[in-house]
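Report on the structure given below.
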Amino acid sequence: MNFTALYSLARQMLILLLLCPVLSFSQNYKWLLDKPLDYELNPTMLNYQVTGNSAGEVYWIGISEVLQFYGIITFGDQFIEHLDQDGNVLETSSITGKSFVVDLVCDANSDLYVLLNIKSDVLFDDGDVLTFTGSSYGSFIVKLDGISGIEWSKTFIGYSEGRCLAIDNDGNLLVGSDDYGDSYLTAYSPSGELLYEIEQLNVPVISSVDIDQDGNVYTTGSCAGTDAMYAGTQFENPFSYSKYLAKYNPQFEAEWVKYIEDITCTFPEVVCQEENQVYWSGDLFIPTQFDSISVPGPSWVFDFFLAKLDASGVYQWVKDVSEESTGDATINGKNFLSVDAQNNVCISGYTRGTVEWSDEITTVTEGYGYDALAVAYSETGEVTWVVSGGGNSMDQTFGSYLDDSGNLYLTGFGTDTLMFGAISSYQDWVHPFLVSVQYGTSVSVADKKTSNSHVNIYPNPFSDWVTVEVGGHSKSVSEINICDVSGVSLVRKSELTNKRAVIDLSSLSAGVYFIEVKTVSGERSFQKVIKQ
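Shown next, in the form of structure tokens:
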């Protein structure tokens, strides 16, 4: 290799190293699917869920057309898609009529179960119908026949409503339901036979259920009364508002209940694999005591906790968002908590500002918007990797699925342009997405020392021209460098003296680029842009 070629290679490697906070591990985003949606209200009134089977295939479900708003729920037609691990659609179906998806699970035989609220009769593609009766809405458990029909369905008595699903070690379906007075855990065989029911009296909210390898069942929820009863046993609650975590042995007897103080009724979740690997998570609004462990609560507005307990209910550790951060993060949606066979634990939600997850991992969200977020923890409570991404505004997750082959799937919604690593997509305004990530290494993590939130680049996406502005206490722009995704410099502007520069990029092809901005005071910023 001659000197010129060696110099060129070294220069490209240097650019890649300088861009490392932006480019690191972008190849770990495998694929991104999104769908157009005619929707202009609060996206948190929607829901999109994802699950998978043992063959590595995934299923996602959600609203395709809005038909009616009712309280905090958006009813409409639903789509169901069955995908391979590369994101190719294997089959698709629809549910026509006013429905809302609450939860979705898949058993070892690739049979799907869905919790569905309906506001009208709904029609499945093979002709099966769920019939609506009443004035409010109906809540149904549905075992699907493939993805296009109904094998069997159950409805709830009175005002009870389905809240959560899980599959036990024998392939039976566990269903959590409540009526805002009491809550219930009901088990059905794969054929729909009622197996047992556990009552939680004066426990108004159940939001999650899971079962460990030894047959112990865990439930969690909130707002239990002071005299709450779990399977006939009273566990006194000292708080006016609280979250609870309850354990039942294989004989369906309540062994213990943990309470933590809260300020409202929330929807925590629990997951477990082995008996001594119980993970509990939820919103965190106030300084909270987990027995002998104190957690300070949010340093900004939002926060969440992740606690690990053993089979006796003893806390092993409790984590929340670092107080050293100049930003925050929180959970969002249903199934925000997941665990794989290696006890990797993942939390999904959204983040803003700068959050220090560890000495090596920091996320930075530009401006005042939110980025979709997933954070993974080891068995010892260390943050092992973080993924974040989205667009320029409000981007959040609805749910997550963590398989045993190193794949994380996130559903959520984004606004306008979505960017996950080098993968991007554009839809006008709010649109749902499903993104696949090869987890194990942090993705889209920015180093706060080289990222400057006072730099604004617009429009993004752009057609021919972009404007670069620096604000705050930053000095004038001294140099702007535009690189492709391999780190090769394509356009460079220097000897600039103003806080604002307009750059002609009409010669560039459509695609993803990175803009490096240097100021006269030595500050540097890297931002990703898309040319349409």
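Position one of the sequence shown corresponds to residue 179 (this note's numbering), numbered consecutively onward. Beta carbons: idealized from backbone N, C-alpha and C, even for Gly. Remember, predicted model here, so these are calculated numbers, not experimental data.
The segment 537-546 touching the segment 512-519, judged by at least three CB pairs closer than 8 Å: Remark: fewer than three beta-carbon pairs, one from each stretch, lie closer than 8 Å, so the segment 537-546 and the segment 512-519 are not flagged as touching.
For S634, three-class secondary structure by DSSP: Translated into the one-based positions of the sequence shown, residue 634 becomes position 456. As written in the sequence, residue 634 is Asn, which differs from the Ser given in the question. Here N634 sits in strand by DSSP.
Residue from N585, K332, D255, T589 whose Cα sits closest to the Cα of S271: Position 93 of the sequence shown holds residue 271. Comparing Cα positions, the closest option is D255.
Buried versus exposed call for N225 [16 or more other C-beta atoms within 10 Å across all chains shown]: By one-based count along the sequence shown, residue 225 stands at place 47. Classification of N225: buried, given that the 10 Å Cβ count is 16 or more.
Exposure label - F247; buried when at least 16 CB within 10 Å: The residue you call residue 247 lines up with position 69 of the sequence shown. With fewer than 16 other Cβ atoms from the protein chains shown falling within 10 Å of its own Cβ, F247 counts as exposed.
Short Cβ contact (9 Å threshold) for T257 with K297: The residue given as residue 257 occupies position 79 in the sequence shown. The residue given as residue 297 occupies position 119 in the sequence shown. Per the sequence presented here, residue 257 reads as Phe, with Thr not at that position. Result no, Cβ atoms of F257 and K297 do not sit closer than 9 Å.
Residue span of the beta strand (DSSP E) that contains A550, given as start and end: For this step, residue 550 is matched to residue 372 along the sequence shown. Note, A550: beta strand (DSSP E), 549-555.
Classification of V523 by the beta-carbon crowding that lies within 10 angstroms, buried from 16 upward: Taking the first residue of the sequence shown as 1, we reach residue 523 at position 345. It is buried - the Cβ of V523 has at least 16 other Cβ atoms within 10 Å.
Cβ pair G486, Y528 closer than 9 Å: As a position in the sequence shown, residue 486 is number 308, starting the count at 1. As a position in the sequence shown, residue 528 is number 350, starting the count at 1. Reading off the sequence shown, one finds Lys at residue 486, where the question assumed Gly. No, they are not a contact pair.
Three CB pairs or more closer than 8 Å across the segment 366-374 and the segment 299-311: At 8 Å Cβ cutoff, the stretches do not touch.
Assumed close pair T444, G460 - CB separation to whole angstroms, cut-off 8 Å: In the sequence shown, residue 444 corresponds to position 266, counting from 1. In the sequence shown, residue 460 corresponds to position 282, counting from 1. About 6 Å separates the beta carbon of T444 from that of G460, a gap short enough to meet the 8 Å contact definition.
Counterpart residues of Y426 in DSSP-defined beta bridges: Sequence index remark: in the sequence shown, residue 426 carries index 248 (1-based). V395, A432.
Environment of I250 [buried if 16+ CB atoms lie within 10 Å]: Within the sequence shown, the letter at position 72 stands for residue 250. Residue environment analysis places I250 among the exposed positions, since fewer than 16 neighbouring C-beta atoms fall within 10 angstroms of its C-beta.
Pick from G327, L363, Y217, E502 that is closest to A409, judged by C-alpha positions: Within the sequence shown, the letter at position 231 stands for residue 409. Of the candidates G327, L363, Y217, E502, the residue whose Cα lies closest to the Cα of A409 is L363.
Proximity of Q125 and G559 at Cβ, strictly below 9 Å: Limits of the chain in this structure are 179 at one end and 710 at the other, which puts residue 125 out of reach.
Buried versus exposed, by CB contacts within 10 Å (16 or more), D713: Nothing about residue 713 can be read from this structure; the chain reaches only from 179 to 710.
Distance between L588 and G577 (C-alpha atoms, nearest Å): Here residue 577 is taken as the residue at index 399 of the sequence shown, counted from 1. Here residue 588 is taken as the residue at index 410 of the sequence shown, counted from 1. G577 and L588 have their C-alpha atoms roughly 6 Å apart.
Cα-Cα separation between L423 and D346, rounded to whole angstroms: Stepping through the sequence shown from its first residue, residue 423 is reached at position 245. Stepping through the sequence shown from its first residue, residue 346 is reached at position 168. Rounded to the nearest angstrom, the two C-alpha atoms are 18 Å apart.
Nearest-angstrom Cβ-Cβ length linking I681 and V646, presumed shorter than 8 Å: For the purposes of this step, residue 681 is taken as residue 503 along the sequence shown, with counting starting at 1. For the purposes of this step, residue 646 is taken as residue 468 along the sequence shown, with counting starting at 1. I681 to V646, Cβ: 7 Å. Contact.
C-beta contact flag for K208 and Q710 at 9 Å: As a first step, residue 208 is located in the sequence shown; it is residue number 30 there, counting from the start. As a first step, residue 710 is located in the sequence shown; it is residue number 532 there, counting from the start. With a cutoff of 9 Å on beta-carbon distance, K208 and Q710 are scored as not near each other.
Proximity of L293 and G275 at Cβ, strictly below 9 Å: Counting from one through the sequence shown, the residue named residue 293 turns up at place 115. Counting from one through the sequence shown, the residue named residue 275 turns up at place 97. For the pair L293 and G275, the CB atoms are not nearer than the 9 Å cut-off.
Classification of L234 by the beta-carbon crowding that lies within 10 angstroms, buried from 16 upward: Against the sequence shown, residue 234 aligns to sequence position 56. Per the sequence shown, the amino acid found at residue 234 is Gly instead of Leu. Under this definition G234 is an exposed residue.
L201 burial status per 10 Å Cβ neighbour count (16 or more: buried): Position 23 of the sequence shown, counting from 1, holds the residue named residue 201. Low confidence applies to L201: its pLDDT is 33, below 50, so where it sits in the model is not reliable enough to give any reading.
Pairwise C-alpha distance: G403 and V320: Your numbering for residue 320 matches position 142 in the sequence shown. Your numbering for residue 403 matches position 225 in the sequence shown. Their Cα atoms are separated by approximately 31 Å.
N585 - partner residues in DSSP beta bridges: One-based indexing of the sequence shown puts residue 585 at position 407. According to DSSP, N585 bridges with Q616.
For Y691, the residue or residues it bridges with in DSSP: As a first step, residue 691 is located in the sequence shown; it is residue number 513 there, counting from the start. In the DSSP assignment, Y691 is bridged to V707.
Identity of the residue in D299, E453, G327 nearest S314 by Cα: Translated into positions along the sequence shown, residue 314 becomes position 136. Check the Cα spacing between S314 and each of D299, E453, G327: the tightest is with D299.
Beta-carbon gap between N295 and G316 smaller than 9 Å: For the purposes of this step, residue 295 is identified with residue 117 of the sequence shown, where counting begins at 1. For the purposes of this step, residue 316 is identified with residue 138 of the sequence shown, where counting begins at 1. For the 9 Å CB-CB criterion, N295 and G316 form a contact.
Contact set for F334: own chain, Cβ-Cβ below 7 Å, skip 5 residues either direction: The residue labelled residue 334 in the question sits at position 156 within the sequence shown. Here the set comprises S317, G340, S355.
Residues near S690 by beta carbon distance below 7 Å, same chain, minus five either side: As a position in the sequence shown, residue 690 is number 512, starting the count at 1. In the sequence on display, residue 690 carries Val and not Ser. For V690, where only same-chain residues beyond five positions count, the Cβ hits under 7 Å are A600, S602, V663, K706, I708.
For T252: DSSP bridge partner residues: The residue you call residue 252 lines up with position 74 of the sequence shown. Beta-bridge pairing links T252 to F247.
Member of E538, P465, D303 whose CA lies at the smallest distance from the CA of G327: Taking the sequence shown and counting its residues from 1, one reaches residue 327 at position 149. Nearest C-alpha to G327: D303.
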